[in-house]
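Okay, structure first, notes after.
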Amino acid sequence: MNKIKKNYILIPIFTAILSLIFMIIIASNTTTSINKSYSNFTEDLNSHNISTVIMDTSPNMTVILNNGEKYSTDNPKTDNLKETLLLNNIKVKDETVAPLIKTLPSGIFVVSLLTIMFMLIAKARGGSGSMTSMDMEDFSKNKKVALDFNSVAGNDEAKESLMDIVDFLKSPEKYQKYGARMPKGVILYGSPGTGKTLLAKAVAGEAGVPFYALSGSDFVQVYVGVGAARIRNLFKKAKSHGKAVIFIDEIDAIGKKRGNSKGGGNNDERDQTLNALLTEMSGFGQEEGIVVIAATNRLDMLDDALLRPGRFDRHIEVSLPDVNAREKILSLHLKNKPHDNLDIKDIAKKTVYFSGAKLESLVNESAILAAKDDSDTITNKHIEAAYSITLAGYDKKETSYLSKEDKLLTSYHEAGHGLVSMLLLPKDKVSKITIIPTTKGAGGYTLTIPEDKNYHKMNYLKNKIKVLLGGRAAEEIIFGKENISTGAENDISQTTDIALKMISEYGMGDTLGLIKLSSVGSLYGSYGNPVIEECKKLLDNLYEETLELLRENKNKLDSLALELLEKETLYDTELEKFVS
Ligand code: ADP
Ligand code: ZN
Numbered sequence: 001m002n003k004i005k006k007n008y009i010l011i012p013i014f015t016a017i018l019s020l021i022f023m024i025i026i027a028s029n030t031t032t033s034i035n036k037s038y039s040n041f042t043e044d045l046n047s048h049n050i051s052t053v054i055m056d057t058s059p060n061m062t063v064i065l066n067n068g069e070k071y072s073t074d075n076p077k078t079d080n081l082k083e084t085l086l087l088n089n090i091k092v093k094d095e096t097v098a099p100l101i102k103t104l105p106s107g108i109f110v111v112s113l114l115t116i117m118f119m120l121i122a123k124a125r126g127g128s129g130s131m132t133s134m135d136m137e138d139f140s141k142n143k144k145v146a147l148d149f150n151s152v153a154g155n156d157e158a159k160e161s162l163m164d165i166v167d168f169l170k171s172p173e174k175y176q177k178y179g180a181r182m183p184k185g186v187i188l189y190g191s192p193g194t195g196k197t198l199l200a201k202a203v204a205g206e207a208g209v210p211f212y213a214l215s216g217s218d219f220v221q222v223y224v225g226v227g228a229a230r231i232r233n234l235f236k237k238a239k240s241h242g243k244a245v246i247f248i249d250e251i252d253a254i255g256k257k258r259g260n261s262k263g264g265g266n267n268d269e270r271d272q273t274l275n276a277l278l279t280e281m282s283g284f285g286q287e288e289g290i291v292v293i294a295a296t297n298r299l300d301m302l303d304d305a306l307l308r309p310g311r312f313d314r315h316i317e318v319s320l321p322d323v324n325a326r327e328k329i330l331s332l333h334l335k336n337k338p339h340d341n342l343d344i345k346d347i348a349k350k351t352v353y354f355s356g357a358k359l360e361s362l363v364n365e366s367a368i369l370a371a372k373d374d375s376d377t378i379t380n381k382h383i384e385a386a387y388s389i390t391l392a393g394y395d396k397k398e399t400s401y402l403s404k405e406d407k408l409l410t411s412y413h414e415a416g417h418g419l420v421s422m423l424l425l426p427k428d429k430v431s432k433i434t435i436i437p438t439t440k441g442a443g444g445y446t447l448t449i450p451e452d453k454n455y456h457k458m459n460y461l462k463n464k465i466k467v468l469l470g471g472r473a474a475e476e477i478i479f480g481k482e483n484i485s486t487g488a489e490n491d492i493s494q495t496t497d498i499a500l501k502m503i504s505e506y507g508m509g510d511t512l513g514l515i516k517l518s519s520v521g522s523l524y525g526s527y528g529n530p531v532i533e534e535c536k537k538l539l540d541n542l543y544e545e546t547l548e549l550l551r552e553n554k555n556k557l558d559s560l561a562l563e564l565l566e567k568e569t570l571y572d573t574e575l576e577k578f579v580s
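If you're matching positions, the sequence shown starts at 1 in UniProt numbering and goes up one per residue.
Next comes the structure, spelled out in structure tokens:
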């Protein structure tokens, strides 16, 4: 493809040179270097020496004498000059409208130059329609090398969620028969290197359909219109295969929230690209079996337009692996490498907050070291050395992540939430507690499934607040008031919210009684401060009660936190024993 392009560019270069030669020949034919004054010309005129006068749009005219001599002189541009000449039997060539033969070469020259320019620009862009920037793997033909879910270790929740998509790709008719609307778009979000690309490829591999990939960053700094063309081209190619997985990495590069983004000189281009994507997505029907999978590190950065139903309406978190998943990933990447006496469990324990990609690179680094050593197998020594190399390559933020102290703090914080929840709200099931950070910036989280209810009693709301305060309370009890952390910021914004609503909207406070604050309009200001004071008192009291509850149950708090420190993630079945 590129070869042909290179040859095409020779054509305009050739025509440009050719037309330039023509122009020179014509110019040398008509212009003369000799210049004479007008009085000279009138002398020649009076002595009947002149045979021809050539007039054109220039301020000069060319005079040819009977003896063939040529010179140019000023053209007075008077109306009767031509008549005078003609009356004197002089041939007059009027070229005020330049003949085609003269303008054609310059026209061709300009066109050729423009063509060369456009071709060069198109080449610099990587060719708007060329495959160079598009990654394509056809798993429908080459089943043997296909990736499947076995190539992805851990990430069980994400895999389960994607299983539906695989089934849909295999038999879209089945879903159509039931009138079920399958998601056209899926967003995988999570830290870099957690296996989002790998998962998308595995979906294509499992379903046995072609995999097309583009990265959002390819669209940054391209010329307006090119991104949109690339998107259309991508979809056209995918559709020609019938079923396909289209993968768009770094979707945030084109799908960032619009609006107050200043200074981004390329907004037009981004909008056009995004619109093209949305148009293409609404353009294919259910029966076609095309699924678009996009990946991003930050779900909250994406434009709402992307997340609406019928677009990317399924969002799947791909989180950093916990100790179990790390063990699986390590085993997977060690599978085809000779190793000996490795304590994979122990390596998994040491590699907290490593992404799948980092684990892969750790294994690869050890293999390189083993090869350098001419060792028969990868040994613990190589892993140790590779571990230091990998760690040294980390930026500062991540090494601080690795500190045991942080991990312990997070363990107690999350254990605090979990324990208070299990003690006070046994009907809200705690399904998962983890100290693996999320991309949203939380150090860990506790996932509860609230009991399904239409309304909540005041007591429930108070207990809910205590659960939210449990994290901070646990920190204070274990590490002292001086050592509480910023990890509770999100909890505090939620408790503030609930407490404010109780007092100002649900009629559960004293200051306002049954008055709803947002309905009093301009009087709002006069109630504001007392409401906040009451709110503060409520929260202070609830915090004291939470501290007390946790102090009474400090043994449970300790054992839960330590288990969490060890296992990093605990699920509902493992949690029951702490409160029974
Ligand atoms: P992302 O797209 O999330 O940035 P990738 O899918 O590109 O991450 O992962 C990069 C590499 O890291 C993969 O090619 C694979 O070797 C390794 N990797 C990441 N996660 C996993 C996993 N869960 N299981 C196995 N390998 C993984
Ligand atoms: Zn918390």
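Where is the CB? At the ideal position from N, CA and C, for every residue including glycine.
Between residue i and ligand 2, is the CB less than 7 Å from at least one heavy atom?
i	result
A488	yes
D491	yes
G418	no
G471	yes
H315	no
H382	no
H339	no
Quick one: grab the DSSP three-state call for residue i.
i	result
L514	coil
T279	helix
A562	Note on identity: in this sequence residue 562 is Leu, with Ala being the wrong assignment. In the structure shown, L562 sits in a helix (DSSP, three-state: H, G or I).
R270	helix
A180	coil
E317	strand
S431	strand
D376	coil
P105	helix
M119	helix
Y506	coil
N35	strand
M91	As written in the sequence, residue 91 is Lys, which differs from the Met given in the question. Strand.
N463	helix
Y8	helix
A153	coil
I290	strand
D79	coil
Y455	coil
I54	strand
Less than 7 Å separating the Cβ of residue i from some heavy atom of ligand 1?
i	result
T197	yes
L425	no
residue 581	The chain is shown only over 1 to 580; residue 581 falls outside these bounds and no answer can be derived.
E360	yes
T194	yes
A153	yes
I329	yes
L539	no
G216	no
V245	no
So, is residue i buried or exposed, given that buried needs 16 or more other C-beta atoms within 10 angstroms?
i	result
K516	exposed
F247	buried
G283	exposed
M281	buried
K381	exposed
P450	exposed
L306	buried
K77	exposed
N155	buried
E482	exposed
Taking residue i and residue j to be in contact with their CB atoms under 8 Å, please state how far apart those CB atoms are, rounded to whole angstroms.
i	j	result
E534	I503	5 Å
R314	V226	Not a contact, Cβ separation roughly 29 Å.
I435	K407	6 Å
I108	L188	About 53 Å separates the two Cβ atoms, so there is no contact after all.
K257	L302	7 Å
A153	I329	4 Å
V363	L334	6 Å
Between residue i and chain D, is the shortest Cβ-Cβ distance under 8 Å, so that the two count as touching?
i	result
F149	In the structure shown, chain D cannot be found, because there is only a single protein chain.
Per the contact definition of three or more C-beta pairs closer than 8 Å, is the stretch 351-363 in contact with the stretch 318-326?
yes
Evaluate contact between the stretch 105-115 and the stretch 15-30, counting only Cβ atoms and requiring at least three cross-stretch pairs below 8 Å.
yes
Do the stretch 532-549 and the stretch 458-469 touch if we need at least three Cβ pairs shorter than 8 Å?
yes
Check whether the stretch 200-216 and the stretch 333-346 touch, using three or more Cβ-Cβ pairs below 8 Å as the test.
no
Segment contact flag, the stretch 77-94 with the stretch 50-63, C-beta cutoff 8 Å, min 3 pairs:
yes
Taking one C-beta from the stretch 404-420 and one from the stretch 551-558 each time, how about it: are there three or more such pairs within less than 8 Å?
yes
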